[in-house]
Every structure is written in structure tokens, then in C-alpha cells.
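Read left to right, the sequence shown gives residues 78 to 767 (the numbering used here). Note that beta-carbon positions come from the ideal geometry of N, C-alpha and C, so glycine has one too. Computed from a prediction, not measured in an experiment: that's the story for all the values here. This report concerns only the one structure given below.
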Amino acid sequence: MVVVDREQDVGVVTLQLFRLYTLRKLGRHFKPVIPFGPHLFGSGKTKFVQSYLELVNNMGESALIGLDYVGESEKANRRGFLEKLKRASLLFVDLKELEPTEPKERNLKWAVYYLLIKVACLQSGLPQPDPDECFKELKLRTDALVQKIRSILNIPSDQYLLLAFDEVGVLDESLDEFHFKRTNDGRVRPYNDFFGIISQLCKEPDLFFIVVGKSEGLNIYNYVASVSRVQLVFIPLSPLEKHSIVEHLEKSSSFLFPGSPKVSEILCHEDFSTSELAELLLELTGGVPGLLVRAISYLLLYKSSINNFSLSKETFLIIMNSFLVTNYCVAPFLPRLISLSEQRKCLLRMLTLLSLYRIRFDFDETVQMSSNSDVFLFDLVTDMCLYRRLVIDPDHNERYEVLIPKLLIEYIDQGLKDDRLEWLLLETLKSQSVEFFYESKCRIFEGLIATLFYLHFSRHPTNSSMFSTLGQLSRVWNEMNFQFSSESAAYYMKSIHYTRAVSGMERMTFGSNEWERIVEEMLEFGKIYIPFHSTSHSPDILFKLHGRTNEKNLMVGIACKGRWSRNGIRWNEILEEAHKFLKPVHDQVLTSHSTWHCMLIIMSTQLATNVSEDLNHSSRCYSFGDSVGDFVIPHNCELVILSEADVENFIGKDILSNLRNAFKSVDNPHSRNIGISTLQEIVLSLSKNI
Numbered sequence: 078m079v080v081v082d083r084e085q086d087v088g089v090v091t092l093q094l095f096r097l098y099t100l101r102k103l104g105r106h107f108k109p110v111i112p113f114g115p116h117l118f119g120s121g122k123t124k125f126v127q128s129y130l131e132l133v134n135n136m137g138e139s140a141l142i143g144l145d146y147v148g149e150s151e152k153a154n155r156r157g158f159l160e161k162l163k164r165a166s167l168l169f170v171d172l173k174e175l176e177p178t179e180p181k182e183r184n185l186k187w188a189v190y191y192l193l194i195k196v197a198c199l200q201s202g203l204p205q206p207d208p209d210e211c212f213k214e215l216k217l218r219t220d221a222l223v224q225k226i227r228s229i230l231n232i233p234s235d236q237y238l239l240l241a242f243d244e245v246g247v248l249d250e251s252l253d254e255f256h257f258k259r260t261n262d263g264r265v266r267p268y269n270d271f272f273g274i275i276s277q278l279c280k281e282p283d284l285f286f287i288v289v290g291k292s293e294g295l296n297i298y299n300y301v302a303s304v305s306r307v308q309l310v311f312i313p314l315s316p317l318e319k320h321s322i323v324e325h326l327e328k329s330s331s332f333l334f335p336g337s338p339k340v341s342e343i344l345c346h347e348d349f350s351t352s353e354l355a356e357l358l359l360e361l362t363g364g365v366p367g368l369l370v371r372a373i374s375y376l377l378l379y380k381s382s383i384n385n386f387s388l389s390k391e392t393f394l395i396i397m398n399s400f401l402v403t404n405y406c407v408a409p410f411l412p413r414l415i416s417l418s419e420q421r422k423c424l425l426r427m428l429t430l431l432s433l434y435r436i437r438f439d440f441d442e443t444v445q446m447s448s449n450s451d452v453f454l455f456d457l458v459t460d461m462c463l464y465r466r467l468v469i470d471p472d473h474n475e476r477y478e479v480l481i482p483k484l485l486i487e488y489i490d491q492g493l494k495d496d497r498l499e500w501l502l503l504e505t506l507k508s509q510s511v512e513f514f515y516e517s518k519c520r521i522f523e524g525l526i527a528t529l530f531y532l533h534f535s536r537h538p539t540n541s542s543m544f545s546t547l548g549q550l551s552r553v554w555n556e557m558n559f560q561f562s563s564e565s566a567a568y569y570m571k572s573i574h575y576t577r578a579v580s581g582m583e584r585m586t587f588g589s590n591e592w593e594r595i596v597e598e599m600l601e602f603g604k605i606y607i608p609f610h611s612t613s614h615s616p617d618i619l620f621k622l623h624g625r626t627n628e629k630n631l632m633v634g635i636a637c638k639g640r641w642s643r644n645g646i647r648w649n650e651i652l653e654e655a656h657k658f659l660k661p662v663h664d665q666v667l668t669s670h671s672t673w674h675c676m677l678i679i680m681s682t683q684l685a686t687n688v689s690e691d692l693n694h695s696s697r698c699y700s701f702g703d704s705v706g707d708f709v710i711p712h713n714c715e716l717v718i719l720s721e722a723d724v725e726n727f728i729g730k731d732i733l734s735n736l737r738n739a740f741k742s743v744d745n746p747h748s749r750n751i752g753i754s755t756l757q758e759i760v761l762s763l764s765k766n767i
């Protein structure tokens, strides 16, 4: 499997190696710079460090950021460094092989030194050296160690040597194996000891380092607490996008088939393109390299075992939805998923909300774990066995999104069978496409309303003040049976979209001629729908209810109007919503179904002053024959306009106020704009409705 889409990561690492080169060249005391990847399994960190020098050679000058922004002298200096880096030797060190070593059994420094010598010998095809002889020769001297490694690898003293340490997380489990230094308060910080060894080696010329590996005791931003002797610089290693998965499929080969053809040639054909397969794989794996590779491997094994097998979207979904396949793909995660602490599990809901609503967070943002304990959100995502996606905002700031691959959801779900809300959120995330919610400025508002409606439908609608209000306003609503027909699939939100060709281009839309098809699908299932894209032809939320005697069906559309500035929703906007929904549904659907009804609910965070005054600051229902401006409510239709007070009671006044502040200035606020406390308050509010 080839490595693709790692140009940004190569640039980050190369720049930090150049910084170490520059600091060392200045010749005075300095804090070494170490590129560091604290990622969970499947992020591609091992493959990346093993392929780093190859990637540098492939990228050429673009591997070193900043060449275009410096003077000629500095440009020549950087080019000289880059040319030497291309010819460097890589020594890959798996720290899982680290163990106490004679003659200084519990000395971490000696164990690391001997492991370096042993790995160099294995890489050169030499027998494993005697530890006693090595100790007599080296005496724990850094210069002697580096000379010994160069001698074993047969590289000259002025050639760059890159030491890549993998699985640094083993130090979490080594407290009983080595003597670690203790702080004044008696604490042991093994990573400070390890990076202290690295910092001493950093003084040696032409020697560079990369460190990767998931650990519980080493956090990305707590340099002072755990790692005081070096500066760690994070390697993003973001999941792959669709175009990169296409490249991966087109460049990777399989030895399972004669002639080792490309994966795309094996799995794709005239009726099933590489682009289609890449889209399905992205949907399933989230672009996480480890999950992606395992999913592709299973498909190749399946193809090799069945003659004349032809892959399609349908067969892909059948194969990959198998529990056996899911288990194969996520097996390395299982020990960590099963062992999540109760304290971490209680924060999973908030992280799922972050993922579902695609809310971005900053590198240094913290979450309060207890009254006297904070944790970096960045670290929490990793601790919870989830992933991060790096996003560069329009203002050029780097932020992250929580990514929960669909392959993982089944296993997280199994451990949370008693957590109704988390189950609903995860199932929603599982049923939606990657870009769900992303385009809508009201996505959090819409999501909260849809979630609350479903929770009330599936639990205790009689206790709902909103349902009571709607019952007082609408006779038809009062006659409905509020229990959804089925919860088995947990589709409390399902996105629907239909494509229509317009001027030779495709766009997502709900033209009036498509309503009958949409309504027929809706009336078959007990689900809540949120359209995939905001359009001028649909409400923001759709669902249907059965009458108590099943003679009536009520289709409900909710227009969520998030007014985040001072200007509230005006009458002309309300009339536009009524025109585009009630009239086509009446004309095309209700006229041929006399027992069906349609209701449009306007839920706004803020009504225009004249609208509020006309409604006497109360909610109101307009029924058949009522005039609203120039619009007359059609037969079997109702228009409900909810007051700001009723919306606030339903969502929560503080939550709406915080969302209003967050969305006031930007369309896509990050978690610091919204506030982690607001997200936790949203979770608490939803939990109360379970």
C-alpha cells in the first residue's frame, strides 16, 4: 500500500528538523525541537515515519516550507540542508522492544542505547551484540553511541542520521521496569526521562529525530508538566480525503492476483468507478488510513476467494455491514474501546455532538474533567479512541474536528447500551453522510430541535410542554399518536436529497414536482428527516405522525430560522415558507388523500418586532381558510408560528443565547465561540429528555 496525501505532514516534519539543525548551528544552549505524532492506531504514523525520506525525495524543494519567502543566502542554506536530508539514513526503532538490559538492568538510558545498537545491527544484517561488551565500549557516552551506530550502518560522520522512535506509549507500562527520577512531590514522569535522553543526543551533529506513538501519560500540550527538556511539535497526520483515496487505489498493488495489478483495476470496472469506491470507503472509514487499508484488504481477499465476483455499491454495503468484516477492520481498537473509564464515557456525548455538528476546536482548548482537573480536548479525543481532522479556516488558523468513523460506531455502541442519548447520536452519525449538517448555518439549532422532537416521540410526549402547546394550538396535532412506529433503526434524523439537472449541472433541490415522491417515502417510515442541503424548496426538518386510529396521517415540516443578529424573521419570510411547502404538498399529495394533513411549524430564535406584536407575543395556529397576508391556508393544512418564549422553553434560554452570540459574527463558529460549557449544557438538556 502506497503512502498518499502526506505533503503537509512532510512539510511540518522537515521544518522542525531544519529548526533543530539551525539551533545546533548557533552553538549555544537550546531546547531541541522534536516532531511528535501522538496518534491512535490507524492514523498512518508508522508508515509515515518509515516512508518519510522517500516522501522528501519525491516532493523535492516543496518538502521544506518557506523557501519562497527568504533571501538568497538563507535559501541556499535551506537547499543545502534539504539536499543532505534526501541522502540521510533512517534508523526505525520500535520501542515495544525496549526492556531492562544488563549490566545496568533498570537504567532507561542504557536500555535505549542498547536498543539503538541492536536495531542498527538487525538493519545491517549483523548478529545481535553482547550487551556487556557494548556497555564496556560505550560507557553511556552519546558521542560513542552515535559513532557506533554510524559504524554499524556504514555511513560517514557527516551524513544525516534520522532516528525514528515508534510506540513511545510503552513507557506508560514501564514504571516497574526502570528507575525513573521523581519530582519534589514524589511523582514519576517517564516521558521527561525519555526525552531527556533524546535532548542529550540532540547535541550530536547531523543527528535528527521523529517520535510517534499513542500514550496516556504524554499529552500534546503539557510540555512543562511531562516533557520539559524538548519542544514537541505536533504532526497532523489527518485522515485522507476522497481524492487521496482515489490516488491510493490507483497506485497500490495486490500480490493476491497474477501480475500484481493495481487495486483499482481489481475492484473497479466500467459500471463501478474508482471514484464511487473511494466515496464508499471514505463514508465507512472516515479516511483513517489504518481502517482504510484493512477494509481494502478484506475486499481483495473476498474478491480472490470468489470467482467472477463483481463489486458494486450494493455488494459493497452487504459485505462491509457484516459483523465479521467490522470486527476484522477494528480489531486493534477493541482493547481500548472496552477499557474506557467511566469518567471518559461521560464526555463521549459531547465529543459525539462535536462530530455530528462538525464543530471545530482549537489546539489548546481544555475540558473540565472535575472540579480541580482539566484535560486538553485534543488529548481527550485520542484518549476516547476517536480521531481528529485538521481544518485550515479561511482566517488561516489551524483547527480540528472530531472524527468518529462509522466502522467504530458499532463497538462504541455495544459498550453504551444503557446510554440512550449516546446511542441516538451515534446512530445518527452512522446514518448520515460525511458532509451532513456542514452547509447549514442553523445546523446546531436544527439538530437540537430534531433530537428533542424524537426523544419526546419515543419517550414521554405527554410530559412535553412543546407538545402540550402544539396540542392547544392544533386540533389535528391533538389527535395524533405520538409514539413513532419503530425505533429499531434509531433513525431519529435521516437526511434526504434528490438530484435534479439544471443547465447541465447537478444540484441538490426539492422541486415541487418531487414532493410526491418525498412524501411517499416519508409516510412509509417513522423517522425525522433533515434535508442534506438548505434549498428554497423545503423546510429544515420533516417527519410524519399517525392518527390514533390510523385513519389520519400528519406530515410536519419545521422551518428553523436561526436569526443571530438583531433582525428577526419577517412576515414575508414566513409567507415564503408557507408558499413553498404547504401549497405544493396540498396540490400534489393531499388532494388525493382526504385523511392526510400537513402542518408547517415556524421555529425562530427571534421574530421581527411587528410579527411578535401581531401575534400578541404568543404562539398561533392558522388553519384551513385563514388568511396570512396574501396566502390562504389550503384544505387540511395548518401554519403554526411559535413565540420566542415557547422556543426558548423548548431549547433552553441560556443555550439559545450562547448560540446567538456564537453565530452572530461567523457562519461556522468553533467550540471556543460556542463554549464547551454550552455543549455540555446541550448534552445535559438532551439527557433530561431521555
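By the 16-neighbour rule on beta-carbons within 10 angstroms, residue 742 is exposed. Annotation: residue 310 is outside any alpha helix (DSSP H); the continuous beta strand (DSSP E) that includes it extends over 308-311. Within its own chain, the residues whose Cβ lies closer than 6 Å to the Cβ of residue 375, once the five positions on either side in sequence are excluded, are 402, 405, listed in chain order. In the DSSP secondary-structure assignment, residue 445 is bridged to 451.
The segment 337-356 and the segment 463-481 do not touch, with fewer than 3 CB-CB distances between them shorter than 8 Å. Note on residue 496: 16 or more other CB atoms within 10 angstroms of its CB, so buried under the neighbour-count rule.
Non-local C-beta neighbours of residue 648 in its own chain, meaning closer than 7 Å and more than five positions away in sequence, comprise 688, 706, ordered along the chain. Between the alpha carbons of residue 459 and residue 400 lies a gap of roughly 24 Å. Fewer than three pairs of CB atoms, one per stretch, sit closer than 8 Å, so the segment 375-394 makes no contact with the segment 460-467. With a beta-carbon spacing of about 15 Å, residue 637 and residue 676 fall beyond the 8 Å limit used to define contacts. Per DSSP, the continuous beta strand (DSSP E) segment holding residue 166 begins and ends at 166-171. For residue 141, the three-state secondary structure derived from DSSP is coil.
Residue 435 is not a Cβ neighbour of residue 747, given a cutoff of 8 Å. Scanning its chain for C-beta atoms nearer than 6 Å, with the 5 sequence neighbours on each side dropped, one finds around residue 633 the residues 620, 676, in chain order. The segment 265-284 and the segment 107-127 touch, with three or more beta-carbon pairs separated by less than 8 Å.
As the crow flies, the alpha-carbon of residue 127 is around 20 Å from that of residue 223.
Our two residues, residue 82 and residue 313, have alpha carbons roughly 12 Å apart in a direct line. Spatial neighbours of residue 328 in its own chain (CB-CB distance under 6 Å, excluding positions within 5 residues in sequence) are listed in chain order as 79. Annotated three-state conformation of residue 636 is strand, per DSSP. Taking residue 710 as reference, the option from 720, 719, 718, 699 with the minimal CA-CA separation is 699. Per DSSP, reduced to three states, the secondary structure at residue 402 is helical. If you check the CB distance, residue 162 and residue 91 come in under 8 Å. Excluding residues up to 5 positions away in sequence, 710 lie with their Cβ nearer than 6 Å to the Cβ of residue 703 in the same chain. Uninterrupted alpha helix (DSSP H) stretches at least 4 residues long and entirely within the segment 709-736 occur at 721-728, given in chain order.
Distances from the CA of residue 164 to each of 235, 672, 184 were compared; the closest alpha carbon is that of 235.
The straight-line gap separating the alpha-carbon atoms of residue 309 and residue 284 is approximately 16 Å.
Per DSSP, the unbroken alpha helix (DSSP H) holding residue 102 starts and ends at 84-103. With a 10 Å radius around the Cβ and a threshold of 16 neighbouring Cβ atoms, residue 533 comes out buried.
Its chain contains 479 as the residues whose beta carbon lies nearer than 6 Å to that of residue 431, once the 5 sequence neighbours on both sides are disregarded; these appear in chain order. Counting the other Cβ atoms within 10 Å of the Cβ of residue 129 gives 16 or more, which makes it buried. The three-state reading of DSSP puts residue 461 in coil, since its state is none of H, G, I, E or B.
In the structure shown, residue 198 adopts helical secondary structure according to DSSP, grouped into three states. In the three-state reduction of the DSSP assignment, residue 375 falls in the helix class. Taking the C-beta atoms as reference points, residue 324 is found no nearer than 8 Å to residue 364.
The residues 340, 341, 351, 354, 355, in chain order, have a CB closer than 7 Å to that of residue 326 in the same chain once the five nearest residues on each side in sequence are set aside.
Taking C-alpha positions only, residue 451 is separated from residue 760 by approximately 19 Å.
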